[in-house]
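Trainee: Line by line, the protein sequences are chains A and B. For the record, in the first sequence the residue sitting at position 113 is 113 according to our numbering, with numbers rising by one throughout. Count along the second sequence starting at 1, add 1000, and that's the number in our numbering. C-beta: ideal position from N, C-alpha, C; glycine also. Please find one structure pasted underneath; my questions will follow.
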Amino acid sequence: DAGVIQSPRHEVTEMGQEVTLRCKPISGHDYLFWYRQTMMRGLELLIYFNNNVPIDDSGMPEDRFSAKMPNASFSTLKIQPSEPRDSAVYFCASSFGKGPYLGANVLTFGAGSRLTVL
Amino acid sequence: SQQGEEDPQALSIQEGENATMNCSYKTSINNLQWYRQNSGRGLVHLILIRSNEREKHSGRLRVTLDTSKKSSSLLITASRAADTASYFCAGDGTSYGKLTFGQGTILTVHP
Chain A
1 DAGVIQSPRH EVTEMGQEVT LRCKPISGHD YLFWYRQTMM RGLELLIYFN NNVPIDDSGM
61 PEDRFSAKMP NASFSTLKIQ PSEPRDSAVY FCASSFGKGP YLGANVLTFG AGSRLTVL
Chain B
1001 SQQGEEDPQA LSIQEGENAT MNCSYKTSIN NLQWYRQNSG RGLVHLILIR SNEREKHSGR
1061 LRVTLDTSKK SSSLLITASR AADTASYFCA GDGTSYGKLT FGQGTILTVH P
């Protein structure tokens, strides 16, 4: 398996522009997570899905952020309009809720998308 | 707020020495996990310890869990330069599936 695939790896955009980050989870995984990492705030959980359904989006900063999972093999995180404070590394991770670690979500992370908003 | 808080924030040791990192968490957990992150990469799962376990080993890793103190420690024995990375603890206490990470410990192992 190629692991969790994120694109783009790097994105530089100007304030006010729309940003779309993409994630392909590991085939067969039923959980998908979006995290944001910054030096100041560490690793923050933004939203997670189970079987393509959003379970908890309490970490989404504000209405400018939205996430979708139209099917089991694809998710997007959209920021519209983007602001400089959105600059961070955004990670997607997936897990199999009924895997060998029964009752625990062991995450496989993608390589991340580094977003810079000027 | 973060589920886990690591201590120390940074640790610098020589190759061959042992490295100990601590994690404290605020709410009850079902499981506690440790992850490693190399610079510029995603996190990689290292080890999981359940709330009814007190100690677990995996290779050069040893994890302990004290639920009465809401704390865990990760010991890396005979460290190598390749162990240089950030280490994070993560707990799932708030709700099933929701994994919340601490701020991490930056470990530097000098050859």
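Can you say whether A:Leu118 is buried or exposed, counting buried as having 16 or more other CB atoms within 10 angstroms of its CB?
Mentor: A:Leu118 should be labelled exposed.
Trainee: Count the other CB atoms within 10 Å of the CB of B:Gln1033; is the residue buried (16 or more) or exposed (fewer)?
Mentor: Burial call: buried.
Trainee: Would A:Phe109 pass as an interface residue toward chain B - the criterion being a Cβ-Cβ separation below 8 Å?
Mentor: Closer than 8 Å to some Cβ of chain B, the Cβ of A:Phe109 qualifies, so yes.
Trainee: At least one CB of chain A closer than 8 Å to the CB of B:Gly1091: is that the case?
Mentor: It does not: the Cβ of B:Gly1091 has no partner Cβ on chain A nearer than 8 Å.
Trainee: Give the secondary structure of B:Arg1050 by DSSP, where H, G and I count as helix, E and B as strand, and everything else as coil.
Mentor: Strand.
Trainee: Using C-beta distances below 8 Å, list every residue in its chain close to B:Asp1066, excluding the 5 sequence neighbours before and after it, in chain order.
Mentor: Contacts found: Arg1054 and Ser1072.
Trainee: At a cut of 8 Å, does the stretch 51-67 of chain A reach the stretch 1006-1021 of chain B through at least three beta carbon pairs?
Mentor: Contact between the stretch 51-67 of chain A and the stretch 1006-1021 of chain B is absent, because fewer than three Cβ pairs lie under 8 Å.
Trainee: Along the chain, where does the beta strand (DSSP E) containing B:Asn1031 start, and where does it finish?
Mentor: From DSSP, the beta strand (DSSP E) with B:Asn1031 extends over Asn1031 to Gln1037.
Trainee: I'd like to check one pair, A:Phe65 with A:Leu46: are the Cβ atoms closer than 8 Å?
Mentor: Yes, the pair counts as a contact, with Cβ atoms nearer than the cut-off.
Trainee: Quick check: the stretch 84-94 of chain A against the stretch 1020-1032 of chain B, are at least 3 beta-carbon pairs closer than 8 Å?
Mentor: Touching, no.
Trainee: Taking the alpha-carbon positions, what's the B:Ser1051 to B:Asp1092 distance?
Mentor: B:Ser1051 and B:Asp1092: Cα-Cα distance of roughly 11 Å.
Trainee: Counting only beta-carbon separations shorter than 8 Å, does A:Asp56 have a partner in chain B?
Mentor: Yes - at least one Cβ of chain B is within 8 Å of the one on A:Asp56.
Trainee: Mapping the DSSP letters down to three states, classify A:Arg85 as helix, strand or coil.
Mentor: If DSSP states are grouped into helix, strand and coil, A:Arg85 belongs with the helices.
Trainee: Starting from B:Lys1056, trace the beta strand (DSSP E) in both directions and tell me its first and last residue.
Mentor: Segment Glu1055 to Ser1058, the beta strand (DSSP E) holding B:Lys1056.
Trainee: What's the gap between the Cα of B:Ile1106 and the Cα of B:Lys1069?
Mentor: So the alpha carbons of these two residues sit roughly 23 Å apart.
Trainee: On the three-state DSSP scale, how would you describe B:Asp1083?
Mentor: Three-state result, B:Asp1083: helix.
Trainee: Under 7 Å between beta-carbons, which chain A residues line up against B:Thr1067? List them in chain order, please.
Mentor: What B:Thr1067 touches in chain A: nothing, since even the nearest Cβ is about 15 Å away.
Trainee: Pair every Cβ in the stretch 1015-1024 of chain B with every Cβ in the stretch 1074-1087 of chain B, then say whether three or more of these pairs are closer than 8 Å.
Mentor: Counting Cβ pairs under 8 Å, three or more are found: they touch.
Trainee: Excluding the 5 residues flanking A:Asn52 on each side, which residues of the same chain have their C-beta closer than 7 Å to its C-beta?
Mentor: Excluding residues within five positions, the ones whose Cβ falls inside 7 Å are Met69, Asn71 and Ala72.
Trainee: Rank B:Tyr1087, B:Lys1026 and B:Lys1056 by C-alpha distance to the C-alpha of B:Tyr1035 and give the top, closest one.
Mentor: Of the listed residues, the one whose Cα sits closest to B:Tyr1035 is B:Tyr1087.
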